[in-house]
Amino acid sequence: MSAAKLDGAPDANDFFRLDGKVAFVGGAGSVGPGWGNGKATAVLLARRGAKVFCTDITAAAVEETVEIILSEGGTAQGFVMDATDSKSVQDAVNTCVQVFGGIDITVNNVGGSVPGGVTDLDEDVWDKQVALNLSSAYLGCKYTIPQILKRGGGAIVNLSSIVAIRMGEGRVHSAYTATKSAVIALSRSIAIEHAAKGLRCNTVIPGLLHTPLVEARLLGQLGAADAQTLIEKRNQQIPMKQAGTGWDVANAVLYLVSKEAGHVTATELVVDGGLAAAMPS
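So the sequence shown is numbered by our numbering: it starts at 1325 and just counts up by one.
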(Lines of atoms letter the chains of each structure in order from A and count residues from 1; the text may use other names and numbers.)
(Lines give C-alpha, C1' and ligand atoms only; values in the text may rest on other atoms or scores of the structure.)
Protein backbone atom coordinates (compact mmCIF):
# COMPACT_ATOMS: atom_id res chain seq x y z
CA MET A 1 0.00 0.00 0.00
CA SER A 2 1.34 3.44 -0.92
CA ALA A 3 2.06 5.96 1.82
CA ALA A 4 -0.58 8.27 0.40
CA LYS A 5 -3.26 5.69 1.11
CA LEU A 6 -2.27 5.10 4.72
CA ASP A 7 -4.79 6.30 7.26
CA GLY A 8 -4.04 9.90 8.21
CA ALA A 9 -1.41 10.49 5.56
CA PRO A 10 -1.75 13.86 3.80
CA ASP A 11 -2.64 14.23 0.16
CA ALA A 12 0.52 15.33 -1.65
CA ASN A 13 -1.49 17.90 -3.63
CA ASP A 14 -3.57 19.21 -0.75
CA PHE A 15 -1.13 20.78 1.72
CA PHE A 16 -2.31 23.89 3.57
CA ARG A 17 -5.49 24.29 1.54
CA LEU A 18 -8.34 26.30 3.03
CA ASP A 19 -10.95 25.82 0.33
CA GLY A 20 -14.48 26.36 1.66
CA LYS A 21 -13.23 28.04 4.83
CA VAL A 22 -14.13 31.55 5.97
CA ALA A 23 -11.42 33.54 7.73
CA PHE A 24 -12.17 36.56 9.92
CA VAL A 25 -8.97 38.62 10.10
CA GLY A 26 -8.60 41.53 12.50
CA GLY A 27 -6.01 44.17 11.66
CA ALA A 28 -5.89 43.15 8.00
CA GLY A 29 -4.60 46.51 6.83
CA SER A 30 -1.09 47.95 6.97
CA VAL A 31 0.11 51.17 8.61
CA GLY A 32 2.25 52.03 5.58
CA PRO A 33 3.56 50.75 2.24
CA GLY A 34 4.58 47.12 2.29
CA TRP A 35 3.39 44.00 4.05
CA GLY A 36 2.34 44.09 7.66
CA ASN A 37 1.43 40.92 9.53
CA GLY A 38 -2.32 41.25 9.05
CA LYS A 39 -2.17 42.25 5.40
CA ALA A 40 0.19 39.40 4.51
CA THR A 41 -1.92 36.94 6.50
CA ALA A 42 -5.18 37.95 4.82
CA VAL A 43 -3.67 37.68 1.35
CA LEU A 44 -1.98 34.34 2.08
CA LEU A 45 -5.15 32.76 3.48
CA ALA A 46 -7.01 33.91 0.37
CA ARG A 47 -4.30 32.43 -1.86
CA ARG A 48 -4.84 29.09 -0.12
CA GLY A 49 -8.55 29.18 -0.91
CA ALA A 50 -10.20 30.87 2.07
CA LYS A 51 -12.88 33.53 1.81
CA VAL A 52 -11.38 36.33 3.85
CA PHE A 53 -13.34 38.91 5.83
CA CYS A 54 -10.80 41.71 6.29
CA THR A 55 -11.25 44.20 9.13
CA ASP A 56 -9.22 47.22 10.11
CA ILE A 57 -9.84 50.55 11.80
CA THR A 58 -8.50 52.39 8.73
CA ALA A 59 -10.74 52.23 5.67
CA ALA A 60 -8.01 52.83 3.09
CA ALA A 61 -5.82 50.12 4.58
CA VAL A 62 -8.48 47.43 4.57
CA GLU A 63 -9.61 48.44 1.08
CA GLU A 64 -6.07 47.96 -0.22
CA THR A 65 -5.88 44.44 1.18
CA VAL A 66 -9.25 43.51 -0.27
CA GLU A 67 -8.28 44.91 -3.67
CA ILE A 68 -5.12 42.80 -3.71
CA ILE A 69 -7.07 39.64 -2.93
CA LEU A 70 -9.72 40.37 -5.55
CA SER A 71 -7.08 41.21 -8.17
CA GLU A 72 -5.56 37.77 -7.62
CA GLY A 73 -8.90 36.05 -8.13
CA GLY A 74 -9.56 35.47 -4.44
CA THR A 75 -12.65 36.19 -2.37
CA ALA A 76 -12.69 38.96 0.21
CA GLN A 77 -14.90 41.53 1.91
CA GLY A 78 -13.72 44.58 3.83
CA PHE A 79 -15.15 46.12 6.98
CA VAL A 80 -14.02 49.11 9.02
CA MET A 81 -13.90 47.83 12.60
CA ASP A 82 -12.67 49.16 15.92
CA ALA A 83 -11.36 45.99 17.55
CA THR A 84 -11.63 47.55 21.01
CA ASP A 85 -15.34 48.33 20.66
CA SER A 86 -17.81 45.56 21.41
CA LYS A 87 -20.56 46.78 19.10
CA SER A 88 -18.14 47.33 16.24
CA VAL A 89 -16.82 43.78 16.58
CA GLN A 90 -20.33 42.34 16.79
CA ASP A 91 -21.37 44.26 13.68
CA ALA A 92 -18.35 42.96 11.82
CA VAL A 93 -19.00 39.36 12.84
CA ASN A 94 -22.68 39.60 11.91
CA THR A 95 -21.79 41.06 8.52
CA CYS A 96 -19.23 38.33 7.90
CA VAL A 97 -21.84 35.66 8.63
CA GLN A 98 -24.36 37.38 6.37
CA VAL A 99 -21.89 37.66 3.51
CA PHE A 100 -20.05 34.34 3.75
CA GLY A 101 -22.42 32.14 5.76
CA GLY A 102 -20.26 31.57 8.83
CA ILE A 103 -16.75 31.66 10.28
CA ASP A 104 -14.16 28.88 10.46
CA ILE A 105 -10.99 30.82 11.24
CA THR A 106 -10.26 33.86 13.39
CA VAL A 107 -7.00 35.80 13.39
CA ASN A 108 -6.67 38.55 15.99
CA ASN A 109 -3.83 40.78 14.87
CA VAL A 110 -4.41 44.11 16.59
CA GLY A 111 -1.98 45.81 18.94
CA GLY A 112 0.60 48.47 19.58
CA SER A 113 3.17 49.43 22.20
CA VAL A 114 3.74 52.45 24.39
CA PRO A 115 7.07 52.44 26.25
CA GLY A 116 7.23 53.05 29.97
CA GLY A 117 7.39 51.39 33.36
CA VAL A 118 4.46 51.09 35.72
CA THR A 119 5.43 54.25 37.60
CA ASP A 120 5.82 56.22 34.36
CA LEU A 121 2.64 55.28 32.52
CA ASP A 122 -0.49 57.31 33.09
CA GLU A 123 -3.46 55.20 34.06
CA ASP A 124 -5.36 56.11 30.91
CA VAL A 125 -2.41 54.94 28.79
CA TRP A 126 -2.43 51.64 30.70
CA ASP A 127 -6.17 51.25 30.11
CA LYS A 128 -5.78 51.98 26.41
CA GLN A 129 -2.99 49.40 26.13
CA VAL A 130 -5.18 46.79 27.81
CA ALA A 131 -7.99 47.60 25.39
CA LEU A 132 -5.80 47.59 22.27
CA ASN A 133 -3.66 44.55 22.98
CA LEU A 134 -5.82 42.29 25.15
CA SER A 135 -9.47 43.29 24.95
CA SER A 136 -9.26 43.30 21.15
CA ALA A 137 -8.31 39.60 21.21
CA TYR A 138 -10.97 38.89 23.84
CA LEU A 139 -13.70 40.55 21.77
CA GLY A 140 -12.56 38.88 18.57
CA CYS A 141 -12.71 35.49 20.25
CA LYS A 142 -15.91 36.19 22.19
CA TYR A 143 -17.99 36.95 19.13
CA THR A 144 -16.45 34.57 16.60
CA ILE A 145 -16.29 31.45 18.78
CA PRO A 146 -20.06 30.83 18.69
CA GLN A 147 -19.96 31.06 14.91
CA ILE A 148 -16.99 28.70 14.66
CA LEU A 149 -18.73 26.16 16.90
CA LYS A 150 -21.80 26.30 14.67
CA ARG A 151 -19.57 25.03 11.86
CA GLY A 152 -18.36 22.12 13.96
CA GLY A 153 -15.06 23.69 14.98
CA GLY A 154 -12.20 25.60 13.48
CA ALA A 155 -9.11 27.54 14.49
CA ILE A 156 -8.17 30.78 16.21
CA VAL A 157 -4.75 32.43 16.15
CA ASN A 158 -3.97 35.36 18.42
CA LEU A 159 -0.89 37.51 17.89
CA SER A 160 1.38 38.17 20.85
CA SER A 161 4.92 39.61 20.89
CA ILE A 162 8.47 38.62 21.78
CA VAL A 163 8.24 40.99 24.76
CA ALA A 164 5.82 38.55 26.36
CA ILE A 165 8.62 36.01 26.85
CA ARG A 166 11.86 38.01 26.70
CA MET A 167 12.51 41.19 28.67
CA GLY A 168 14.78 43.95 27.39
CA GLU A 169 16.76 46.10 29.82
CA GLY A 170 17.13 49.13 27.62
CA ARG A 171 13.49 49.90 26.89
CA VAL A 172 10.67 48.97 29.25
CA HIS A 173 7.16 48.27 27.94
CA SER A 174 5.31 47.24 31.10
CA ALA A 175 1.78 47.56 29.66
CA TYR A 176 2.66 45.99 26.32
CA THR A 177 4.53 43.14 28.01
CA ALA A 178 1.70 42.48 30.45
CA THR A 179 -1.04 42.53 27.83
CA LYS A 180 0.82 40.46 25.25
CA SER A 181 1.68 37.92 27.95
CA ALA A 182 -2.01 37.80 28.84
CA VAL A 183 -2.85 37.04 25.19
CA ILE A 184 -0.90 33.79 25.52
CA ALA A 185 -2.82 32.81 28.65
CA LEU A 186 -6.11 33.77 27.02
CA SER A 187 -5.34 31.57 24.02
CA ARG A 188 -4.49 28.60 26.21
CA SER A 189 -7.65 29.04 28.25
CA ILE A 190 -9.81 29.16 25.13
CA ALA A 191 -8.00 26.16 23.66
CA ILE A 192 -8.59 23.94 26.68
CA GLU A 193 -12.19 25.05 27.14
CA HIS A 194 -13.10 24.17 23.56
CA ALA A 195 -10.66 21.34 22.76
CA ALA A 196 -13.34 18.65 22.78
CA LYS A 197 -15.55 20.74 20.49
CA GLY A 198 -13.12 20.85 17.59
CA LEU A 199 -11.97 24.41 18.13
CA ARG A 200 -8.22 24.96 18.32
CA CYS A 201 -6.61 28.15 19.63
CA ASN A 202 -2.92 29.02 19.40
CA THR A 203 -0.63 32.04 19.58
CA VAL A 204 1.99 33.35 17.18
CA ILE A 205 4.81 35.29 18.85
CA PRO A 206 6.65 37.54 16.39
CA GLY A 207 10.13 38.85 17.20
CA LEU A 208 11.88 41.84 15.67
CA LEU A 209 10.30 42.10 12.25
CA HIS A 210 10.82 44.54 9.42
CA THR A 211 7.27 45.52 8.59
CA PRO A 212 5.83 48.97 7.73
CA LEU A 213 5.50 49.52 11.48
CA VAL A 214 9.24 50.20 11.67
CA GLU A 215 9.14 53.26 9.43
CA ALA A 216 5.64 54.36 10.44
CA ARG A 217 5.99 54.25 14.24
CA LEU A 218 9.21 52.86 15.68
CA LEU A 219 11.52 55.28 13.90
CA GLY A 220 9.93 58.18 15.75
CA GLN A 221 9.48 56.35 19.04
CA LEU A 222 13.13 55.31 19.21
CA GLY A 223 14.49 58.61 17.97
CA ALA A 224 16.60 56.91 15.31
CA ALA A 225 18.35 59.08 12.74
CA ASP A 226 17.14 57.03 9.79
CA ALA A 227 15.28 53.82 9.05
CA GLN A 228 18.28 51.93 7.66
CA THR A 229 20.34 52.51 10.80
CA LEU A 230 17.48 51.29 12.97
CA ILE A 231 16.87 48.26 10.78
CA GLU A 232 20.54 47.25 10.86
CA LYS A 233 20.69 47.67 14.64
CA ARG A 234 17.65 45.41 15.03
CA ASN A 235 19.12 42.87 12.61
CA GLN A 236 22.29 42.58 14.69
CA GLN A 237 20.25 41.66 17.78
CA ILE A 238 18.85 38.60 16.01
CA PRO A 239 20.93 35.39 15.88
CA MET A 240 20.00 34.96 12.20
CA LYS A 241 21.14 38.59 11.62
CA GLN A 242 18.05 39.31 9.60
CA ALA A 243 14.64 40.52 10.72
CA GLY A 244 11.60 38.53 9.69
CA THR A 245 8.76 39.93 7.63
CA GLY A 246 4.99 39.94 7.66
CA TRP A 247 5.14 36.89 5.41
CA ASP A 248 6.98 34.90 8.08
CA VAL A 249 4.14 35.60 10.47
CA ALA A 250 1.56 34.83 7.78
CA ASN A 251 3.18 31.46 7.09
CA ALA A 252 3.03 30.61 10.79
CA VAL A 253 -0.64 31.57 10.95
CA LEU A 254 -1.40 29.52 7.84
CA TYR A 255 0.10 26.42 9.42
CA LEU A 256 -1.81 26.86 12.68
CA VAL A 257 -5.20 27.33 10.99
CA SER A 258 -4.68 24.51 8.50
CA LYS A 259 -5.69 20.87 8.85
CA GLU A 260 -1.97 20.04 8.98
CA ALA A 261 -2.00 21.50 12.50
CA GLY A 262 -5.10 19.52 13.44
CA HIS A 263 -3.51 18.16 16.64
CA VAL A 264 -1.91 21.46 17.66
CA THR A 265 -3.69 23.61 20.23
CA ALA A 266 -2.92 25.65 23.37
CA THR A 267 0.61 26.36 22.21
CA GLU A 268 2.81 29.15 20.90
CA LEU A 269 4.76 29.40 17.67
CA VAL A 270 7.70 31.80 18.01
CA VAL A 271 8.78 33.58 14.83
CA ASP A 272 11.92 35.44 15.88
CA GLY A 273 15.06 34.16 14.18
CA GLY A 274 16.26 32.63 17.45
CA LEU A 275 16.08 35.82 19.50
CA ALA A 276 14.15 34.43 22.48
CA ALA A 277 16.60 31.55 22.90
CA ALA A 278 19.77 33.67 22.72
CA MET A 279 21.70 35.05 25.67
CA PRO A 280 23.12 38.57 25.39
CA SER A 281 26.67 38.51 24.04
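Glycine residues also receive a C-beta, built at the ideal position from the N, C-alpha and C atoms.
At which residues does the alpha helix (DSSP H) containing residue i begin and terminate?
| i | result |
| --- | --- |
| glycine 1570 | 1570 to 1581 |
| leucine 1473 | 1460 to 1474 |
| threonine 1501 | 1498 to 1518 |
| valine 1449 | 1447 to 1454 |
Report all residues from its chain with a CB closer than 7 Å to the CB of residue i; omit the five preceding and five following residues, and keep chain order.
| i | result |
| --- | --- |
| threonine 1468 | Phe1348, Val1417, Ile1427, Thr1430 |
| methionine 1325 | Here the model assigns methionine 1325 a pLDDT of 43, short of 50, so the residue's position is not dependable and the matter cannot be decided. |
| threonine 1419 | Phe1403 |
| alanine 1383 | Val1404 |
Which class does residue i belong to by DSSP, given the choice of helix, strand or coil?
| i | result |
| --- | --- |
| glutamate 1556 | helix |
| leucine 1523 | strand |
| glycine 1536 | A small fix is needed here, since residue 1536 is proline in this sequence, not glycine. In the structure shown, proline 1536 sits in a helix (DSSP, three-state: H, G or I). |
| glutamate 1592 | strand |
| alanine 1327 | Here alanine 1327 scores only 49 on pLDDT, less than 50, and its place in the model should not be relied on; the value that follows carries that caveat. Three-state DSSP puts alanine 1327 in a helix. |
| isoleucine 1429 | strand |
| glycine 1440 | strand |
| isoleucine 1529 | strand |
| alanine 1585 | helix |
| valine 1349 | strand |
| alanine 1601 | helix |
| isoleucine 1632 | The structure shown does not extend to residue 1632, since the chain is modelled only from 1325 through 1605, so no value can be given for it. |
Going along the chain, which residues of its own chain have a beta-carbon closer than 8 Å to the beta-carbon of residue i, five neighbours each way excluded?
| i | result |
| --- | --- |
| phenylalanine 1340 | Arg1372, Leu1578, Tyr1579, Ser1582, Glu1584 |
Which stretch, first to last residue, makes up the beta strand (DSSP E) that contains residue i?
| i | result |
| --- | --- |
| phenylalanine 1340 | No beta strand (DSSP E) holds phenylalanine 1340; DSSP gives it neither H nor E. |
| glycine 1353 | Counting along the chain, glycine 1353 falls outside any beta strand (DSSP E), and DSSP gives it neither H nor E. |
| glycine 1478 | 1478 to 1483 |
For residue i, I'd like the list of residues in its chain whose CB is within less than 6 Å of its CB, leaving aside the five on either flank, ordered along the chain.
| i | result |
| --- | --- |
| asparagine 1482 | Asn1432, Ala1461, Val1507, Ser1511, Thr1527 |
| alanine 1515 | Cys1525, Thr1589, Ala1590 |
In the stretch 1367 to 1423, which residue ranges form an unbroken beta strand (DSSP E) of at least 3 residues, counting only runs that do not cross its ends? Those beta strand (DSSP E) runs which fall completely within the stretch 1367 to 1423 and span 3+ residues are 1375 to 1380, 1399 to 1404.
For the stretch 1560 to 1572 and the stretch 1528 to 1536, state whether three or more C-beta atom pairs, one from each stretch, are separated by less than 8 Å. These segments touch.
Please confirm if the stretch 1453 to 1462 is in contact with the stretch 1387 to 1404, defined as three or more CB-CB distances below 8 Å between the two stretches. Flag = no, the stretch 1453 to 1462 and the stretch 1387 to 1404 do not touch.
At least three beta-carbon pairs within less than 8 Å, the stretch 1438 to 1453 to the stretch 1486 to 1493: Contact between the stretch 1438 to 1453 and the stretch 1486 to 1493 is not established, with fewer than three Cβ pairs separated by less than 8 Å.
Using 8 Å as the cut-off, can you tell me whether the stretch 1471 to 1479 makes contact with the stretch 1433 to 1444, which would need three or more C-beta pairs spanning the two stretches below that distance? Result no; under three Cβ-Cβ pairs closer than 8 Å.
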